[in-house]
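Q: Numbering-wise, the sequence shown is residues 111 to 471 according to this note's numbering.
Beta carbons: idealized from backbone N, C-alpha and C, even for Gly.
Since we're looking at a predicted model, the values are computed, not measured.
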Amino acid sequence: MKIEREEVLFLESRFSRLRLNELQINYLQILLQEKTIEKTFLFYLRQGWLVNFNEFHSLLKNLIKEKAIHNLNFYHIFQEKPSFQSKKENFTNETTTVDSFKIEEKLFFKSLAPQVLNTFKKNAQLINVPEKSLLIREGDKTREMYLLLEGQLSVYKNRSQQKIRIVDLEPGAVFGEASFLWNATRSADVVTQTKSKIIRFNYNSNDFSDLIQSDLAEKNQIRFWALHALMKSPILRDLPSDNMDELIQGGKTIHLKPNETLFTENSIGTSFYFLVQGHLQISQHNKKINQLAQGDILGEIALFISAGRRTATVTSLDECSLLEISKDAFYKILSRNFFLACEIESLAWSRVQNDKRRAQA
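Listed below in structure tokens is the structure:
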């Protein structure tokens, strides 16, 4: 079970040892009341309050340090140093046909034309992977895509010479699609936490090259390019595929003509955007500080840092298409992906500092 949905069992006799700040004390009180991480975050969402995810992360580390949580799963995850076997050495193939797993019911495959779906099935292979096996290595140029049927996987990224756990994947998750569709370099390690049954889709240029350019791009144009933009985003590309689809399906498409203003500095915003097509100019105090292109994210700072206040003015440089995502929809996804929420929040802070440096320059 993912720790976001696991009921936290406390050893309150150890609370006296805790050294918490005022915000962490508030978070602990609500966590005691709501029982799980996910429900705690949704409580704050209902109140219209922002959550400092990294401060919440520090609270959990303090609780674990003082052994004030009884759940062994929390200790396993927070104190874990990733270890895994060599890639692919111990994988075993099954002869079972993938038709019995009804991949057409998964979000990624639902909108595909029958001939495209059949091509995926033709190039599919069912594999059994032992626990602690490295399935994908960050930086590799491999091109397989995967669908998790049974088991649990974790996604890690290299940060400051250590591996940071970003997100856990559960059955039904599709991953590796950016490399499969657009030959992108692998952006993270994917490691099995338990013995897992997985469908591997092998890339065959004779079968997929024309389909990616025609059927996928033309018949599912909005979803295809929105997915492409999400996967190019350094902030959101680690979202599980089903969460990406959830955002895309729940988002609102906005079109801007050249020289139109999306929002202005110091205005209040309750949503963020990602740029599907076109170019945007970012200005502070009437001074250009940045330019965004396809796949860039904007407006997320207002959701994490500035209490909803926009820190810049955004204007279209040409015809633009954007997907608008509401704060509520985004926070519901982050409540189920706590470590990813911490990573996105950190990237938002980094973006604030970069904007300040550009403005000063």
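1) Short of 8 Å in beta carbon distance, which residues of its chain neighbour E214, apart from the five on each side in sequence? Order them along the chain.
2) Exposed or buried, what is A135 when buried is set at 16 or more other beta-carbons lying within 10 Å of its beta-carbon?
3) Taking only three categories from DSSP, how would you classify Q225?
4) Could you tell me the alpha carbon to alpha carbon distance between G282 and F218, rounded to whole angstroms?
5) Starting from N546 and walking both ways along the alpha helix (DSSP H), at which residues does that stretch end?
6) Quick check on the burial criterion: 16 or more other C-beta atoms within 10 angstroms. Buried or exposed for K251?
7) Grab me the residues of G249's own chain with a C-beta within less than 8 Å of its C-beta, minus the 5 sequence neighbours each way, in chain order.
8) Distance, Cα to Cα, E165 vs A451?
9) Determine whether the beta carbon atoms of L236 and E280 lie at a separation below 8 Å.
10) Just tell me which of K191, L263 and F230 has its CA closest to the CA of Q271.
11) Looking at the unbroken beta strand (DSSP E) that takes in Y383, where does it start and where does it end?
12) Could you pull out every residue in the same chain whose Cβ sits closer than 6 Å to the Cβ of L366, ignoring the five residues on either side in sequence?
13) For L138, I'd like the list of residues in its chain whose CB is within less than 7 Å of its CB, leaving aside the five on either flank, ordered along the chain.
14) Which same chain residues, not among the five before or five after K267, have their C-beta less than 6 Å away from its C-beta?
15) Which same chain residues, not among the five before or five after K216, have their C-beta less than 7 Å away from its C-beta?
16) If we ignore side chains and look at the alpha-carbon of each, how far apart do V208 and E254 end up?
17) Helix, strand or coil for D250 per DSSP?
18) Are the beta-carbon atoms of T146 and E122 separated by less than 8 Å?
19) Excluding five sequence neighbours on each side, which residues of the same chain lie with their C-beta closer than 7 Å to the C-beta of K329?
20) To the nearest angstrom, how far is it from the Cα of S210 to the Cα of F230?
21) Alpha carbon to alpha carbon, how far is G418 from K175? Give it in angstroms, no decimals.
22) Only counting the same chain, and skipping five residues up and downstream in sequence, which positions put a Cβ closer than 6 Å to that of R310?
23) According to DSSP, is K171 helix, strand or coil?
24) Which term fits S445, buried or exposed, when burial requires 16 or more other beta carbons within 10 angstroms of its beta carbon?
25) Alpha carbon to alpha carbon, how far is L128 from I364?
26) Hey, E241 and T150 are a contact pair by Cβ (cut 8 Å); roughly how many whole angstroms apart?
27) What's the call for D428, buried or exposed, on a 16-neighbour Cβ count within 10 Å?
28) Would you tell me roughly how many angstroms separate the C-alpha atoms of Q143 and H186, rounded to the nearest one?
29) Shortest alpha-carbon distance to F318 belongs to which of F290, S306 and V300?
30) Please state the DSSP three-state secondary structure of S150.
31) What residue does the beta strand (DSSP E) around S260 start on, and which one ends it?
32) Beta-carbon within less than 6 Å of K112's beta-carbon, same chain only, minus the 5 sequence neighbours each way: which residues are those?
33) Tell me which same chain residues have a C-beta within less than 8 Å of the C-beta of K171, skipping the five on either side of it?
A: On the basis of the coordinates in this document:
1) The sequence position of residue 214 within the sequence shown is 104, counting from 1. Hits under 8 Å: K220, L222 and L227.
2) Along the sequence shown, read from residue 1 onward, the residue named residue 135 stands at position 25. Reading off the sequence shown, one finds Ile at residue 135, where the question assumed Ala. So I135 ends up on the exposed side.
3) By one-based count along the sequence shown, residue 225 stands at place 115. Q225 falls in the helix class under three-state DSSP.
4) Here residue 282 refers to the residue found at position 172 of the sequence shown. Here residue 218 refers to the residue found at position 108 of the sequence shown. Each residue's alpha carbon lies about 10 Å from the other.
5) Given a span of 111 to 471 for the chain in the structure shown, any question on residue 546 remains unanswerable.
6) On the sequence shown, position 141 is the one that residue 251 refers to. So K251 ends up on the exposed side.
7) Taking the first residue of the sequence shown as position 1, residue 249 is located at position 139. Cβ neighbours of G249 beyond the five flanking positions: T295 and R296.
8) Mapped onto the sequence shown, residue 165 falls at position 55. Mapped onto the sequence shown, residue 451 falls at position 341. Distance between the alpha carbons of E165 and A451 is about 11 Å.
9) Here residue 236 is taken as the residue at index 126 of the sequence shown, counted from 1. Here residue 280 is taken as the residue at index 170 of the sequence shown, counted from 1. Not closer than 8 Å, so no.
10) Translated into the one-based positions of the sequence shown, residue 271 becomes position 161. With distances taken between Cα atoms, Q271 lies closest to K191.
11) Sequence index remark: in the sequence shown, residue 383 carries index 273 (1-based). Unbroken beta strand (DSSP E) run through Y383: S381 to Q387.
12) Stepping through the sequence shown from its first residue, residue 366 is reached at position 256. Annotation for L366: S426 and C430 place their beta carbon closer than 6 Å to its own, counting only its chain and skipping 5 residues before and after.
13) Along the sequence shown, one-based indexing puts residue 138 at 28. If the five residues before and after L138 are omitted, its C-beta is found closer than 7 Å to the C-beta atoms of L130 and L169, all from its own chain and listed in chain order.
14) Numbered from 1 along the sequence shown, position 157 holds the residue referred to as residue 267. Excluding positions up to five away in sequence, the list reads I274, I276 and A298.
15) Within the sequence shown, the letter at position 106 stands for residue 216. L257, G282 and V284.
16) Start at 1 with the first residue of the sequence shown, and residue 208 comes out as number 98. Start at 1 with the first residue of the sequence shown, and residue 254 comes out as number 144. Straight-line Cα distance between these residues: approximately 16 Å.
17) As a first step, residue 250 is located in the sequence shown; it is residue number 140 there, counting from the start. D250 falls in the coil class under three-state DSSP.
18) On the sequence shown, residue 146 is found 36 positions in, with the first residue counted as 1. On the sequence shown, residue 122 is found 12 positions in, with the first residue counted as 1. Going by C-beta atoms, T146 is not nearer than 8 Å to E122.
19) Looking up residue 329 in the sequence shown gives position 219. No answer about K329 holds up, because its pLDDT of 43 lies below 50 and its placement is not dependable.
20) The count along the sequence shown starts at 1 and reaches residue 210 at position 100. The count along the sequence shown starts at 1 and reaches residue 230 at position 120. Cα to Cα, S210 sits roughly 14 Å from F230.
21) The residue you call residue 175 lines up with position 65 of the sequence shown. The residue you call residue 418 lines up with position 308 of the sequence shown. C-alpha of K175 to C-alpha of G418: approximately 34 Å in a straight line.
22) Position 200 of the sequence shown, counting from 1, holds the residue named residue 310. The residues Q235, I237, E254 and Y256, in chain order, have a CB closer than 6 Å to that of R310 in the same chain once the five nearest residues on each side in sequence are set aside.
23) Taking the first residue of the sequence shown as 1, we reach residue 171 at position 61. Here K171 sits in helix by DSSP.
24) The residue you call residue 445 lines up with position 335 of the sequence shown. Of the other Cβ atoms in all chains shown, 16 or more fall within 10 Å of the Cβ of S445; this residue is therefore buried.
25) For the purposes of this step, residue 128 is taken as the residue at position 18 of the sequence shown. For the purposes of this step, residue 364 is taken as the residue at position 254 of the sequence shown. C-alpha of L128 to C-alpha of I364: approximately 48 Å in a straight line.
26) Here residue 241 is taken as the residue at index 131 of the sequence shown, counted from 1. Here residue 150 is taken as the residue at index 40 of the sequence shown, counted from 1. About 30 Å separates the two Cβ atoms, so there is no contact after all.
27) By one-based count along the sequence shown, residue 428 stands at place 318. Around the beta-carbon of D428, fewer than 16 other beta-carbon atoms lie within 10 Å, marking it exposed.
28) As a working note, residue 143 is residue 33 in the sequence shown. As a working note, residue 186 is residue 76 in the sequence shown. Rounded to the nearest angstrom, the gap between the Cα atoms of Q143 and H186 is 24 Å.
29) Your numbering for residue 318 matches position 208 in the sequence shown. The candidate whose alpha carbon is nearest that of F318 is F290.
30) Taking the sequence shown and counting its residues from 1, the one referred to as residue 150 is at position 40. According to the sequence provided, residue 150 is Thr. The question's Ser does not apply to it. Looking at T150 - three-state DSSP - the assignment turns out to be helix.
31) Position 150 of the sequence shown, counted from the start, is the residue given in the question as residue 260. The displayed chain sequence assigns Glu, not Ser, to residue 260. Note, E260: beta strand (DSSP E), M255 to E260.
32) Your numbering for residue 112 matches position 2 in the sequence shown. Correct list, in chain order: D278.
33) For the purposes of this step, residue 171 is taken as residue 61 along the sequence shown, with counting starting at 1. Within the same chain, Cβ atoms closer than 8 Å to the Cβ of K171 are found at F188, the five residues on either side in sequence being excluded.
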